[in-house]
Structures are given as C-alpha cells and as structure tokens.
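Working notes for the structure below.
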Amino acid sequence: MKIIIILPTYNEKTNIEKMIPLLEREVFSTIKGHDLHILVVDDKSPDGTADVVKKYREKWKNVHLLSGDKQGLGRAYVRGMKYAMEEMHADAVMEFDADFQHDPHDIPRLISAMDEGADYVIGSRYIKGGAIPKEWAFDRKVKSKLGGLIARYAFFMFRLHDVTSGFKLTKTSFLKRVQLDRLYSYNYAYKLHILHDVVHLGAKVKEVPIVFYERTKGKSKMDTNDMTESLYVVLKLAIYDHKRFVKFLFVGGTGFIVQYSITYLCILLGFAQHFATMIAAETAILSNFTLNNLWTFGDTKHVKEQGGFLRRLIKFNTASLASIGIQGFSTYLAVKFFGEVITIYGYSIHTALAILFPTIIFIVLPLNYFVYNKIIWKTHHLKKYKQQVISE
Numbered sequence: 001m002k003i004i005i006i007l008p009t010y011n012e013k014t015n016i017e018k019m020i021p022l023l024e025r026e027v028f029s030t031i032k033g034h035d036l037h038i039l040v041v042d043d044k045s046p047d048g049t050a051d052v053v054k055k056y057r058e059k060w061k062n063v064h065l066l067s068g069d070k071q072g073l074g075r076a077y078v079r080g081m082k083y084a085m086e087e088m089h090a091d092a093v094m095e096f097d098a099d100f101q102h103d104p105h106d107i108p109r110l111i112s113a114m115d116e117g118a119d120y121v122i123g124s125r126y127i128k129g130g131a132i133p134k135e136w137a138f139d140r141k142v143k144s145k146l147g148g149l150i151a152r153y154a155f156f157m158f159r160l161h162d163v164t165s166g167f168k169l170t171k172t173s174f175l176k177r178v179q180l181d182r183l184y185s186y187n188y189a190y191k192l193h194i195l196h197d198v199v200h201l202g203a204k205v206k207e208v209p210i211v212f213y214e215r216t217k218g219k220s221k222m223d224t225n226d227m228t229e230s231l232y233v234v235l236k237l238a239i240y241d242h243k244r245f246v247k248f249l250f251v252g253g254t255g256f257i258v259q260y261s262i263t264y265l266c267i268l269l270g271f272a273q274h275f276a277t278m279i280a281a282e283t284a285i286l287s288n289f290t291l292n293n294l295w296t297f298g299d300t301k302h303v304k305e306q307g308g309f310l311r312r313l314i315k316f317n318t319a320s321l322a323s324i325g326i327q328g329f330s331t332y333l334a335v336k337f338f339g340e341v342i343t344i345y346g347y348s349i350h351t352a353l354a355i356l357f358p359t360i361i362f363i364v365l366p367l368n369y370f371v372y373n374k375i376i377w378k379t380h381h382l383k384k385y386k387q388q389v390i391s392e
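Residue 392, in my numbering, is where the sequence shown stops; the numbers in between run on with no holes.
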C-alpha cells in the first residue's frame with residue numbers, strides 16, 4: 001500500500017530538520033510491506049523550510065515538496081491530499097503535524113490498524129492509553145473535551161472518542177468521494193467536515209491511543225476563532241444530516257392541522273368519535289403523502305424505482321392501516337373511560353381532539369417516518385458509523 005504522510009509547514013525549519021531524518025531512519029524501517037512517502041506542504045515559509053526539504057529530497061527519493069500560498073491549515077492539507085491522490089496515486093494519506101506534538105513512533109501503530117481492516121484510523125487522545133499535555137491550562141482542556149463532545153453528539157458518533165484529532169490515516173478510496181473543494185472550513189475545522197463525510201460514507205473506523213504533546217518550538221496553528229468556526233461547521237453539518245427529518249416534521253404539522261379540523265368536522269356531523277378519528281387520519285395521510293412525495297423525499301435517488309405515485313400511495317396506505325387502527329382504537333378506549341368530553345383547565349373538549357396530539361407525537365410520527373424511509377422510498381442510508389467502529 002502506498003502511504004503518503006502529509007506534513008503541513010509554515011516556518012517549521014527547525015522541526016522539519018529533525019522530523020524527516022527521524023522518520024526515514026527510525027520509523028520507516030519498522031514498517032514492512034508498504035511504500036512510504038513524505039509530502040511536505042509548505043506555505044512559502046520565509047524561514048527556509050522549503051530549502052531544508054529540498055536538501056533532504058536529494059538524499060531520500062521518497063521526500064516530496066509541494067509549495068503554495070498561505071491559506072490556512074485546511075487548505076494546506078487539502079492541497080496535499082489532492083496532490084497525493086492525483087499525482088502520487090496514494091492508497092492512503094496520513095495527516096501528521098511536523099511540530100512533534102504527534103509522536104512519529106505512533107505512525108506504525110496507525111498503519112497496523114489499517115492493515116487489520118480499518119479504512120479510517122484516528123490517533124485518539126481520549127481512549128485508554130491516550131493523553132493530552134499536562135501543561136494545558138484548565139480552560140483549554142475544557143474547550144478540547146467540550147468541542148469534541150458537541151461534535152460527537154451532533155453527528156451521532158457516540159462510539160468515537162476523539163473527533164477533533166489531527167493525527168489520522170485515511171484510505172483514499174473514501175477520501176476521493178469527499179468534496180474537498182467544498183468544505184465548510186479550511187482552517188482547524190476542516191478535519192471535522194472530512195471526518196463527518198468519511199464516516200457517513202461507511203468507512204470502518206479504528207481509534208488508536210496516542211499521547212499528544214505540548215509544542216516546544218514554533219507557533220500553534222490554532223487561533224482564537226477556531227472554536228467558534230468549529231461549532232459553526234458542526235451545526236451546519238448536523239442540520240444537513242437531519243434536514244429530511246425537519247421537512248418531515250413540518251409536513252407532519254400541516255397533517256395535524258388537517259386531521260384536527262376533519263376530526264372536529266366529523267364530530268359535528270354526528271360521527272362517532274373513533275370513526276371521526278379514523279376518517280381524519282386517512283385524510284391526513286393523503287395530505288402528508290402528497291407533500292412528502294413532492295418535497296421531503298422528492299430528491300430520493302430511488303423514488304422512481306418504487307413505482308408511480310398511485311402505486312406508492314396504495315403501498316403507503318396499506319402500511320399505514322396499523323396507524324389508522326391504533327388511532328381509532330385509542331379514541332374508542334378514551335371515550336369509553338373518560339366519556340365524550342374531557343375537561344382540561346376548565347375547558348371542555350371532545351375526547352378525540354384531546355388525545356390527538358399525544359397519539360400523533362408518540363405513535364403516528366415515529367411509525368410513519370419508519371414506513372416512509374424503509375418501505376415507500378427506501379432512502380438507502382449507508383450503514384451507521386456505529387456499526388463500523390472496530391472494537392479495540
């Protein structure tokens with residue numbers, strides 16, 4: 001496997017003078033069966049970092065230099081990733097800092113994890129055996145943990161522990177499918193967007209414990225705006241992930257209004273309340289199906305494969321008979337136990353109308369969303385990342 005280790009640099013002359021020889025002499029010699037390369041992505045450092053790389057390039061043919069303008073950490077990594085995939089034909093790329101905050105001797109362990117079946121290996125500070133610098137102030141420790149926690153919950157990645165790590169090994173078969181030119185951030189938060197996309201593409205993820213060290217030379221790549229930008233990226237990706245469900249809830253709200261109105265009208269016309277509920281439920285189903293078909297699931301790739309509108313309507317109506325029956329039966333029991341009218345905070349309301357909201361929220365919506373996704377339009381979501389996390 002051809003593995004490219006990407007080292008972004010800006011004024012890293014002192015560090016890169018030590019890093020490249022260490023990798024070549026001490027680290028690469030312990031890794032068998034792989035073609036290892038170093039790609040230094042330098043942002044035109046004025047301190048002569050590129051000159052050092054050129055000197056080493058004459059000694060080691062697997063050392064490469066890619067220069068460009070300073071546009072942020074994310075831009076440097078993306079430039080390196082694209083070059084590694086398009087020009088060097090890499091099978092995997094590693095994100096690695098040149099400043100010795102990542103231990104070069106951990107590289108073989110990440111590669112071993114990929115050899116064992118992982119598609120995406122994370123050097124994790126927050127699993128057993130991992131650690132963050134003792135020198136970090138309390139507020140920085142809190143920000144690091146809190147930022148990762150927010151991202152994990154927003155992305156529903158509960159089984160991952162370190163989603164903000166900058167030490168990762170990724171198979172290019174997945175990275176090629178990430179739209180690197182359309183990331184929401186090209187600063188520190190770039191890594192959250194790539195992680196989000198790779199995991200949701202179905203990559204098998206493995207976390208390997210690492211000790212993250214305090215930087216001894218040079219300036220940290222993080223700035224005061226990174227936390228805010230990371231939160232923005234996380235929220236934007238989370239909203240995108242759940243936009244279909246948001247649409248579904250909106251349509252459900254219109255369906256509730258339709259069902260409430262029809263139920264009330266049928267009761268006024270003299271229908272028994274449980275019959276009124278079932279008639280109204282069927283009307284709401286027709287309304288919801290039409291709106292969901294045109295809007296909520298209109299972009300579903302396999303819509304046409306599920307047949308025409310009428311066929312899907314019949315299919316959904318059949319699948320929804322349980323929902324209609326549950327609402328009718330619930331209303332029948334409620335009327336039998338509480339009577340035709342229930343008094344709530346001094347106001348009298350028909351029993352069918354009083355139980356309509358909780359019945360829809362706790363029974364109808366979850367059932368209908370399952371039917372829409374798994375039976376009618378079959379959105380074919382990829383396997384959840386939680387099924388792809390390789391146990392330690």
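Cβ coordinates follow ideal geometry from the N, Cα and C atoms, glycine included.
DSSP state of D393 mapped onto helix, strand, coil: What is shown of the chain runs 1 to 392, which leaves residue 393 out entirely.
Inter-residue spacing [alpha-carbon to alpha-carbon] between K18 and E24: Within the model, the alpha-carbon separation for K18 versus E24 is close to 10 Å.
Length of the line joining the Cα atoms of T30 and H37: Looking at the two C-alpha atoms, the distance is approximately 14 Å.
Exposure of D43, with buried meaning 16 or more beta-carbon neighbours within 10 Å: D43 comes out buried.
Own chain, CB closer than 6 Å to K236, minus 5 neighbours either side, in chain order: Apart from sequence neighbours up to five positions away, the residues of its chain that approach K236 with a beta-carbon distance below 6 Å are Y184, ordered along the chain.
Alpha-carbon to alpha-carbon, I3 and H89: Those two C-alpha atoms are separated by around 9 Å.
Environment of L333 [buried if 16+ CB atoms lie within 10 Å]: Exposed, by the Cβ-count rule.
Coil, strand or helix - L7 by DSSP: DSSP places L7 in strand when its eight states are reduced to three.
Through-space distance from Y56 to I20, alpha-carbon basis: Roughly 8 Å between the two C-alpha positions.
Close Cβ partners of F329 (< 7 Å) along its chain, the five nearest in sequence each way excluded: Cβ within range, chain order: n/a, list empty.
Short Cβ contact (8 Å threshold) for F212 with R152: Not in contact: F212 and R152 (Cβ atoms no closer than 8 Å).
Terminal residues of the alpha helix (DSSP H) in which I257 lies: Where I257 is concerned, the enclosing alpha helix (DSSP H) stretches over 243-268.
Three-way DSSP call (helix, strand, coil) for G33 in this model: In the structure shown, G33 falls within a coil segment according to DSSP collapsed to helix, strand and coil.
Secondary structure of E95, DSSP reduced to three states: Of the three classes helix, strand and coil, the one that applies to E95 here is strand, per DSSP.
Among G68, V335, I314, the one whose alpha carbon lies nearest that of F275: Ranked by Cα distance from F275, the options G68, V335, I314 are led by V335.
Test: H196 CB closer than 8 Å to a CB of chain B: Of the chains in the structure shown, none is chain B; there is only one protein chain.
Nearest neighbour of L321, chosen from V364, G48, F338 [CA to CA]: The shortest CA-to-CA distance from L321 to any of V364, G48, F338 is the one to V364.
Y345 burial status per 10 Å Cβ neighbour count (16 or more: buried): The residue in question, Y345, is exposed, as its Cβ has fewer than 16 Cβ neighbours within 10 Å.
Pair within 8 Å by beta-carbon distance, F250 and F167: No; because the gap between Cβ atoms is not below 8 Å, this pair is not in contact.
Coil, strand or helix - Q387 by DSSP: Interpretation of Q387 is limited by its pLDDT of 44, a score under 50 that renders its predicted location unreliable; the figure taken from the coordinates is listed afterwards. Of the three classes helix, strand and coil, the one that applies to Q387 here is helix, per DSSP.
Cross-strand partners of Y153 (DSSP beta bridge): Paired residue(s): none; Y153 is not in a bridge.
Given 8 Å, three or more beta-carbon pairs between the stretch 126-135 and the stretch 46-53: In short, these stretches do not touch, since the Cβ pair count stays below three.
Exposure label - C266; buried when at least 16 CB within 10 Å: Answer is buried; the Cβ neighbour count reaches 16.
Cut-off 8 Å between Cβ atoms - residues of its own chain near V233, not counting five sequence neighbours on either side: Contacts found: Y184, S185, A189, L192, H193.
Cβ-Cβ distance between I6 and G80 below 8 Å: Contact flag set, yes.
Neighbourhood of I285 by C-beta distance below 7 Å, restricted to the same chain and skipping five residues each side: Sequence-distant Cβ neighbours of I285 in its own chain, meaning closer than 7 Å and more than five residues away, are N317, S320.
CB-CB length for I122 against D162, believed under 8 Å: That pair is a contact at about 6 Å.
4-residue-minimum alpha helix (DSSP H) runs that sit fully inside the stretch 101-126, ordered along the chain: Taking only runs of at least 4 residues, the alpha helix (DSSP H) segments lying wholly in the stretch 101-126 are 107-115.
Span separating the alpha-carbon of I342 from that of T351: Cα to Cα, the separation comes out at about 6 Å.
Classification of G48 by the beta-carbon crowding that lies within 10 angstroms, buried from 16 upward: By the 10 Å Cβ count, G48 comes out exposed.
Cα-Cα separation between L39 and A84, rounded to whole angstroms: Distance between the alpha carbons of L39 and A84: 8 Å.
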